[in-house]
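Visitor: At position 62 of the sequence shown the residue is numbered 568 (my numbering), and the sequence of numbers has no breaks.
Virtual Cβ for every residue (Gly too), placed ideally from N, Cα, C.
All of these numbers come straight from a predicted model, not from anything done at the bench.
Sharing a structure here in structure tokens format.
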Amino acid sequence: MKLRSAFWFPRFTLVQHLLILSLTVLLPQVFLGALIAGRYTSQHKLGLERAAIDAARDRSAGLDRELEGMIGALQALATSPLIDTNSFGRFRAEALQLLSFRGTAIVMRDRAGRHIINTLQPADAPALVSTDPDLLANDAVIFATKAPAVSNLYIGAVTKMLFVNVGVPVIRDNEVRYVLAIAVAPETLRNSLLSNTPEGWIGVILDRKMQVIARSTEQELFVGKLTARPMQELLVGESGSFHGGFSLEGLPIFSAYQKSLLAGWTVAFAIPEDMLHAPLRDLWRTLLLMGLSAIALSLLGAFLYGRILRRGLNMLARLARRVGRDDFSPGGPTDVREMDEVIKLLATADADLKLKDAHQRTLLHELDHRVKNTLAIIQSLVTQSVRGSTSPEHFREAIIGRVMALARSHEVLSAANWKDPELGSVAGAVLAREAERIHCEGDRVSLAPRVVVAFAQVFHELLANAEKHGALSRAEGRVTLTWRLEGGGLHILWIETSSEPPAVAALKGLGTTIVRICIERQLGGTCHFEAAPQGLRLEAIVPLVSDLGVNGAAMDPALATERKGAPLSDGATIWGGEAP
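The following block contains the structure:
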């Protein structure tokens, strides 16, 4: 079969094969490089994701430390005795000293939200009242729990700017008299917690309402903005990370977040997906350019070298076309040692072909002889079947079975290339239709091609006889077929096992007659049938070396061994003449 090329050539040329070879060498290397690059970029991507998770955890811990410092400073300030004497002017001075370290303003409010002091106002300014609901809700928590609390974003009463409030209770006589709080501007938190955000990342602090308190980029644009609902649904739990989110600018991002233990705020870091995959894209681009360059150079070298080799191949093609012809003449040496060996082989093939042409005429004559011999066997089978048949249907069944046995014997011979098939193969082919009820076992015995037909007929007749009159005519019937090499002969044992003895026809039918003829006349052996209570029993002995000529005389064993023999320890051969 001709191998069609995927190119425009009708067949693969040498140059094409060299080009394909170059590709098969280079492509696995490119593929391996791609795998290594993919693994490297995957590890790099995982490293960035772990860094974002660690950053969120560290900044959240830093936020809690900031808040703890503010709460501690406020709690210390809340114990000032100036509050007990209502010396709020002097207390305001103490509060201003605290602001030099942290915060934007310190405010003390009563339950009604009235400002007792506010460092953003002059000391003699009229008292303000806070009305922001988030701030008042945070104060209510402090009055109710007598514990510090941190608010969401709220709008300051003086500046009308956004702040977060860290408040502590001012307790006197076991009652909360005031709330003392530090108002922290979002920019302060941004500078202290998000100023070192890696380039390209987005760091953000969200309050409990998912409003932006601080952001590493474009703080002024997004502070106070509410995070989109899909992102809010992903930012659940104390911590986590996920793909599939979007920034406020609409960019797809990878996000890692950690909740603050003190405030319940969310500290998150986002890496744009483009940034995560950028190393992979750059590496693939580099690999692609390098791979294409290497492939192009390799293909060019293969093409040029293929043109050199083509000259020698053209010489081989000319010689190959002349093999067996009178004008065949080996050419001179080529540049390739293997091509010179092929020229020698072509010269040998030319001599062999001319010899085989002469031998072929002899084989045609031999084939005519074998065809006539096969027809003679079929004629004998037809004659015997006619004699033993009681009806046309019986004749049809008998002749078809015997011809099929002959056909199976030829199939076995063809499978063995007409060179000494094994007895087990012949038995398996003929007895195949009852393989589940017939157990075959024996030594390895090789048969000369001519005796294969005789053994096939024996097994067929025994099978047909058992199916019609013997053990296999009953559902429980079984057959055991064994053979062994013993005493210079092949011992064959056919044992049928059934619940009833065999019918009379099982011993006196045409089938048993054919078995005797095949074993005694064609194979030069002996056979004995016995009607045992459990079923029919056949014991046959066939000599290991026999000449199957017309006269049936025994061949000299030494001559047989010289021609085809093999040591009996490695099996045995039933000898005969040529195959039919």
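1) Give a yes or no on contact between the region 534-549 and the region 785-797, applying the rule of three or more CB pairs nearer than 8 Å.
2) State the Cα-Cα distance for the pair Met-1061 and Val-918, rounded to the nearest angstrom.
3) Could you have a look at Thr-585 and say whether DSSP puts it in helix, strand or coil?
4) In whole angstroms, what separates the C-alpha of Leu-524 from that of Met-845?
5) Per DSSP, Ile-711 forms a beta bridge with which residues?
6) Between Arg-696 and the rest of its own chain, which residues show a CB-CB distance below 6 Å, the 5 nearest in sequence each way excluded?
7) Taking the DSSP output, what are the residues bridged to Val-674?
8) Quick one: what does DSSP say Met-667 is sitting in, helix, strand or coil?
9) Buried or exposed for Asp-645, please, with buried defined as at least 16 other CB atoms from any protein chain shown within 10 angstroms of its CB.
10) Is it right to say Pro-628 is buried, meaning 16 or more other beta carbons lie within 10 angstroms of its own, or is it exposed?
11) In the structure shown, what three-state DSSP assignment does Leu-602 receive?
12) May I ask you to report which of helix, strand or coil DSSP gives Val-521?
13) What are the start and end residues of the beta strand (DSSP E) that includes Ser-766?
14) Output the distance between the C-alpha atoms of Val-718 and Asp-780, rounded to the nearest integer angstrom.
15) Just the C-alpha distance for Val-936 and Arg-1022, rounded to the nearest angstrom, thanks.
16) Is His-749 buried or exposed, if buried means 16 or more other CB atoms sit within 10 Å of its CB?
17) To the nearest angstrom, how far is the alpha carbon of Thr-1018 from that of Ser-952?
18) Can you tell which of Lys-860, Leu-819, Ala-800 has its C-alpha closest to the C-alpha of Val-829?
19) Pick out whichever of Arg-843, Val-985, Ala-601, Val-670 has its Cα sitting closest to the Cα of Ala-655.
20) Residue range of the alpha helix (DSSP H) that Glu-739 falls in?
21) At what residues does the beta strand (DSSP E) containing Phe-1035 begin and finish?
22) Closer than 8 Å is the cut-off here; do at least three beta carbon pairs connect the region 581-592 with the region 656-666?
23) How is the beta strand (DSSP E) around Gly-1041 delimited, first residue to last?
24) DSSP state of Arg-813, grouped into three classes?
25) Taking the continuous beta strand (DSSP E) assigned at Ile-648, which residues delimit it?
26) What three-state label does DSSP hand Gly-619 in the structure shown?
27) Using C-beta distances below 6 Å, list every residue in its chain close to Arg-1043, excluding the 5 sequence neighbours before and after it, in chain order.
28) For Val-656, which three-state DSSP category applies?
29) According to the neighbour-count rule (16 or more other Cβ atoms, all chains shown, within 10 Å of its Cβ), is Ala-1064 buried or exposed?
30) Starting from His-975, follow the alpha helix (DSSP H) in both directions and report where the run begins and ends.
31) For Phe-728, which residues in the same chain have their Cβ closer than 7 Å to its Cβ, ignoring the five residues on either side in sequence?
32) Pick helix, strand or coil for Val-635, following the three-state DSSP scheme.
33) In three-state DSSP terms, what is Glu-1002?
34) Which residue marks the beginning of the alpha helix (DSSP H) containing Leu-727, and which one marks its end?
35) Are there 16 or more other CB atoms within 10 angstroms of the CB of Gln-866, so buried, or fewer, so exposed?
36) For Ala-611, name the three-state secondary structure that DSSP assigns.
Guide: Let me lay it out:
1) Using a Cβ-Cβ distance cut-off of 8 Å, the region 534-549 and the region 785-797 are in contact, since at least three pairs of beta carbons, one from each stretch, lie closer than that value.
2) Note that Met-1061 has pLDDT 32, beneath the 50 cutoff, so the model's placement of it is unreliable and the number below is only indicative. In a straight line, the C-alpha of Met-1061 is about 25 Å away from that of Val-918.
3) Coil.
4) About 16 Å.
5) In the DSSP output, where bridge partners are listed per residue, Ile-711 has Ala-720, Val-773.
6) When the five nearest sequence neighbours on each side are left out, the beta carbons in the same chain lying within less than 6 Å of the beta carbon of Arg-696 are those of Ala-720, Gln-725, in order along the chain.
7) The partner list for Val-674 (beta bridge, DSSP) reads Leu-686.
8) Three-state result, Met-667: coil.
9) By the 10 Å Cβ count, Asp-645 comes out buried.
10) So Pro-628 ends up on the exposed side.
11) If DSSP states are grouped into helix, strand and coil, Leu-602 belongs with the helices.
12) In this structure, DSSP gives Val-521 a helical state, which the three-state scheme calls helix.
13) First-last for Ser-766: undefined, no H or E at that position.
14) Each residue's alpha carbon lies about 23 Å from the other.
15) Cα-Cα distance, rounded: 18 Å.
16) Under this definition His-749 is an exposed residue.
17) Taking the straight line from one Cα to the other gives about 25 Å.
18) Minimum Cα distance to Val-829 is reached at Lys-860.
19) Cα-wise, what sits closest to Ala-655 is Val-670.
20) Element bounds for Glu-739: 735-740.
21) In the DSSP annotation of this structure, the continuous segment of the beta strand (DSSP E) that includes Phe-1035 starts and ends at 1032-1038.
22) The region 581-592 is not in contact with the region 656-666.
23) Where Gly-1041 is concerned, the enclosing beta strand (DSSP E) starts and stops at 1041-1049.
24) Arg-813: helix per DSSP, three-state reduction.
25) From DSSP, Ile-648 is part of no beta strand (DSSP E) but of the alpha helix (DSSP H) over 639-651.
26) Gly-619: coil per DSSP, three-state reduction.
27) A distance below 6 Å between beta-carbons, with the five flanking residues on each side excluded, links Arg-1043 to the following residues of its chain, in chain order: Ile-1001, Glu-1036.
28) In this structure, Val-656 counts as strand in the three-state DSSP scheme.
29) Note that Ala-1064 has pLDDT 30, beneath the 50 cutoff, so the model's placement of it is unreliable and the number below is only indicative. A residue is called buried once 16 or more other Cβ atoms fall within 10 Å of its Cβ, and Ala-1064, having fewer, is exposed.
30) Counted as a single uninterrupted DSSP element, the stretch harbouring His-975 is not any alpha helix (DSSP H), since DSSP gives it neither H nor E.
31) Result list for Phe-728: Val-718, Arg-721, Leu-754, in chain order.
32) Strand at Val-635.
33) Note: Glu-1002 maps to strand in three-state DSSP.
34) 725-728 is the extent of the alpha helix (DSSP H) around Leu-727.
35) Counting the other CB atoms within 10 Å of its CB gives Gln-866 a total below 16, which places it among the exposed residues.
36) In the displayed model, Ala-611 falls within a strand according to three-state DSSP.
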